[in-house]
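Undergrad: Below you'll find the structure I mean.
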Amino acid sequence: MQSLVEDTKPQSSLLPMIIIGGLFFIFGFVTWLNGALIPFLQIVCELTETQALFVASAFYIAFVVMALPMAWVLERTGYKHAMVLGLLIMAAGSLLFIPAAYSREFSVFLLAQFIVGTGLTILQTASNPYIVKIGPQETAAVRISIMGLLNKGAGFVAPIIFTALVLGDLSGVSAKSIAALPEAEQLAQIEQLAAGLVQPYIGLAVALSVLAFFLKLSSLPELQLEDNPNEQSPSSSVLQFPQLILGVVTLFFYVGVEVIAGDTIGLFGSQLGIENATSLTSFTMAFMVLGYLSGLVLIPRFLRQDQALLGSAVLGIILCFAVVFSSNENAGISTFLWGWTGFQTLPNTVAFVALLGFANALVWPAVWPLALDGLGRHTAKGSALLIMGIAGGAIIPVIYGKTSEHFGPQEAYWMLVPCYLFILFYATRGHKIRSWK
11 MQSLVEDTKP QSSLLPMIII GGLFFIFGFV TWLNGALIPF LQIVCELTET QALFVASAFY
71 IAFVVMALPM AWVLERTGYK HAMVLGLLIM AAGSLLFIPA AYSREFSVFL LAQFIVGTGL
131 TILQTASNPY IVKIGPQETA AVRISIMGLL NKGAGFVAPI IFTALVLGDL SGVSAKSIAA
191 LPEAEQLAQI EQLAAGLVQP YIGLAVALSV LAFFLKLSSL PELQLEDNPN EQSPSSSVLQ
251 FPQLILGVVT LFFYVGVEVI AGDTIGLFGS QLGIENATSL TSFTMAFMVL GYLSGLVLIP
311 RFLRQDQALL GSAVLGIILC FAVVFSSNEN AGISTFLWGW TGFQTLPNTV AFVALLGFAN
371 ALVWPAVWPL ALDGLGRHTA KGSALLIMGI AGGAIIPVIY GKTSEHFGPQ EAYWMLVPCY
431 LFILFYATRG HKIRSWK
């Protein structure tokens, strides 16, 4: 029911997979820089925990505000040109980090985050349905899992590169260590930290612009979607599809828990005095990569997409209990799982937060094909609505921040349980609903 248009010859999906795979690497690198930026800007701009989490909110709220406008752009420019535009918008947002760093104005950082998020919105709106629709429906989760490997692989290296390039000799810094310094030394160290942002973000802006240029010149074929023959009428609304709307809500909760697992681990670790707290997101990303690899092996040979989603939800609930009831003093879990490799060991509570990455890995690739099934020509708008579900990354972490300030960071992870319960509902029943009646 869908095809890639280029003359009359059958199109291989290999070239699109390679090009879109490169874009997913960029998505991951830029998105999971937030995990390093949040504890970093908490120090540089002298923020509370809740204020620091607005770094993620400004980024993810762009997906709500700009998703439908970007769908309009996508329908008029086509998938390829929309992706080029998205890369250029992200480059512009990266350049805005330069005046933000020199002024240390938190509002300028938030504006830069929003612009980068806007560019990423159009890239996500175009690339996710592209990957879903270039092959058989039953293997869509596998294709998205391959993209996820690149995305989360980039997320693994991004905090490490950030820590090395931006912090330099101050790589062991944390909110706790800064607070212990005399006031004059605090200010000098904070200014040194802020200045370290400039060169890396200039490099990021240049890299994004070069990628946009080469994507413009590439032979990426356009995606043409035919109407769904079972559609009620040509004028019917995209809101008629329950599997889509419930999928949007599922992604809202999923992105919220994904961002909490990836972006609060650094804050949590910084409060506990763990060295290199800005790089802790890499642990969560490493487990997400392992989760995606599991998906490649298991789907669809041994598990259907909805079964993988069910398993993810159940594991997420179990790990939430483990986070809340585990010890901040004992590092037995990380010692057993990876201590023998020489990597840094972590308190059990922090290790279980990292393990949430494994539980979260297959939710995104499973929800997209289930939610877009049967949408036909409504696919672009359906994709935009699913992208709007990313608003969970703007709202749920702030709720976590407020809960953390009142009850403590460890106890605040209780709030993830209702999110996983809704994912469980979508896996068992929600994705099967085809009528609101």
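Per the working numbering, residue 11 is the first one in the sequence shown, and the count goes up by one each step.
Ideal Cβ placement from N, Cα and C applies to all residues, glycine included.
Between the beta-carbon of glycine 129 and the beta-carbon of glycine 272, is there less than 8 angstroms?
TA: By one-based count along the sequence shown, residue 129 stands at place 119. By one-based count along the sequence shown, residue 272 stands at place 262. Contact flag unset, no.
Undergrad: Can you give me the Cβ contacts of serine 243 inside the same chain, cut-off strictly under 6 angstroms, excluding the 5 residues immediately before and after it?
TA: Position 233 of the sequence shown, counting from 1, holds the residue named residue 243. Per-residue confidence for serine 243 stands at a pLDDT of 44, beneath the threshold of 50, marking its modelled position as unreliable; no derived number is given.
Undergrad: Cβ atoms of glutamine 315 and proline 379: under 8 angstroms apart, would you say?
TA: Here residue 379 refers to the residue found at position 369 when the sequence shown is read from its first residue. Here residue 315 refers to the residue found at position 305 when the sequence shown is read from its first residue. Yes, the pair counts as a contact, with Cβ atoms nearer than the cut-off.
Undergrad: Short of 7 angstroms in beta carbon distance, which residues of its chain neighbour valine 208, apart from the five on each side in sequence? Order them along the chain.
TA: Reading the sequence shown from its first residue, position 198 is the one you call residue 208. For valine 208, where only same-chain residues beyond five positions count, the Cβ hits under 7 angstroms are Ile108, Ala111.
Undergrad: Can you check which of these residues, Ala361, Leu97, Arg439, is closest to phenylalanine 223 by C-alpha distance?
TA: For the purposes of this step, residue 223 is identified with residue 213 of the sequence shown, where counting begins at 1. The option with the nearest alpha carbon to phenylalanine 223 is Leu97.
Undergrad: Where does serine 137 sit, in a helix, a strand or coil, going by DSSP?
TA: Taking the sequence shown and counting its residues from 1, one reaches residue 137 at position 127. Helix.
Undergrad: So, is arginine 86 buried or exposed, given that buried needs 16 or more other C-beta atoms within 10 angstroms?
TA: Indexing the sequence shown from 1 puts residue 86 at position 76. By the neighbour-count rule (16 or more Cβ atoms within 10 Å), arginine 86 is not buried but exposed.
Undergrad: For alanine 381, count the other beta carbons within 10 Å of its own beta carbon; 16 or more makes it buried, fewer makes it exposed. Which is it?
TA: Counting from one through the sequence shown, the residue named residue 381 turns up at place 371. When all chains shown are included, alanine 381 counts as buried.
Undergrad: How big is the Cα-Cα spacing for valine 377 and threonine 260?
TA: Counting from 1 along the sequence shown, the entry for residue 377 is found at position 367. Counting from 1 along the sequence shown, the entry for residue 260 is found at position 250. Their backbone Cα atoms lie some 8 angstroms apart in a straight line.
Undergrad: Leaving aside the five residues before and after leucine 431 along the sequence, list all residues of the same chain whose C-beta is less than 8 angstroms from its C-beta, in chain order.
TA: Indexing the sequence shown from 1 puts residue 431 at position 421. Closer than 8 angstroms at the Cβ level, and outside the excluded window around leucine 431, lie Ala323, Ile327.
Undergrad: Below 8 angstroms, can you find three or more Cβ-Cβ pairs linking the stretch 29–46 to the stretch 144–163?
TA: Enough Cβ pairs lie closer than 8 angstroms, so yes.
Undergrad: Quick one: what does DSSP say threonine 128 is sitting in, helix, strand or coil?
TA: In the sequence shown, the residue the question calls residue 128 occupies position 118. Threonine 128 falls in the helix class under three-state DSSP.
Undergrad: Evaluate glutamate 115 with the Cβ neighbour count: other Cβ atoms within 10 Å of its Cβ, from every protein chain shown; 16 or more gives buried, anything less gives exposed.
TA: Counting from 1 along the sequence shown, the entry for residue 115 is found at position 105. It counts as exposed.
Undergrad: Could you give the residue range of the alpha helix (DSSP H) that holds valine 265?
TA: The residue labelled residue 265 in the question sits at position 255 within the sequence shown. From DSSP, the alpha helix (DSSP H) with valine 265 extends over 252–281.
Undergrad: Here's a check: name, in chain order, each residue in its chain whose Cβ is nearer than 6 angstroms to the Cβ of isoleucine 170, leaving out the five neighbours to either side.
TA: Position 160 of the sequence shown, counting from 1, holds the residue named residue 170. Closer than 6 angstroms at Cβ, skipping near neighbours: Ser289, Ser292.
Undergrad: Got a sec? Which residues, its chain only, sit under 7 angstroms from alanine 72 by beta carbon, not counting five neighbours each side?
TA: Position 62 of the sequence shown holds residue 72. Answer for alanine 72: Phe124, Gly127, Thr128, Thr131, listed in chain order.
Undergrad: In this structure, does DSSP put proline 146 in helix, strand or coil?
TA: Taking the first residue of the sequence shown as position 1, residue 146 is located at position 136. Of the three classes helix, strand and coil, the one that applies to proline 146 here is coil, per DSSP.
Undergrad: Can you tell me which of the three DSSP states proline 375 falls into?
TA: As a position in the sequence shown, residue 375 is number 365, starting the count at 1. Residue state, collapsed to three classes: helix.
Undergrad: For the candidate residues Lys442, Thr438, Pro26, Ala361, whose alpha-carbon lies nearest to that of serine 229?
TA: Translated into the one-based positions of the sequence shown, residue 229 becomes position 219. Nearest C-alpha to serine 229: Pro26.
Undergrad: If contacts are defined as beta-carbon pairs under 8 angstroms, then tryptophan 82 and proline 252 qualify, I think. What distance do you get, rounded to the angstrom?
TA: The count along the sequence shown starts at 1 and reaches residue 82 at position 72. The count along the sequence shown starts at 1 and reaches residue 252 at position 242. Wrong, their Cβ atoms sit about 24 angstroms apart, outside the cutoff.
Undergrad: Measure from the alpha carbon of methionine 298 to the alpha carbon of each residue in Ser113, Val167, Gly392, then state which is nearest.
TA: For this step, residue 298 is matched to residue 288 along the sequence shown. Nearest option by C-alpha distance: Val167.
Undergrad: Which residues mark the beginning and the end of the alpha helix (DSSP H) in which asparagine 286 is found?
TA: Counting from one through the sequence shown, the residue named residue 286 turns up at place 276. Run containing asparagine 286: none; DSSP gives neither H nor E here.
Undergrad: Do you know offhand how far valine 373's Cα is from glycine 321's?
TA: For the purposes of this step, residue 373 is taken as the residue at position 363 of the sequence shown. For the purposes of this step, residue 321 is taken as the residue at position 311 of the sequence shown. The straight-line gap from Cα to Cα measures roughly 9 angstroms.
Undergrad: Among Val152, Lys143, Met398, which residue has its Cα nearest to the Cα of glycine 305?
TA: As a first step, residue 305 is located in the sequence shown; it is residue number 295 there, counting from the start. Of Val152, Lys143, Met398, the residue nearest in Cα terms is Val152.
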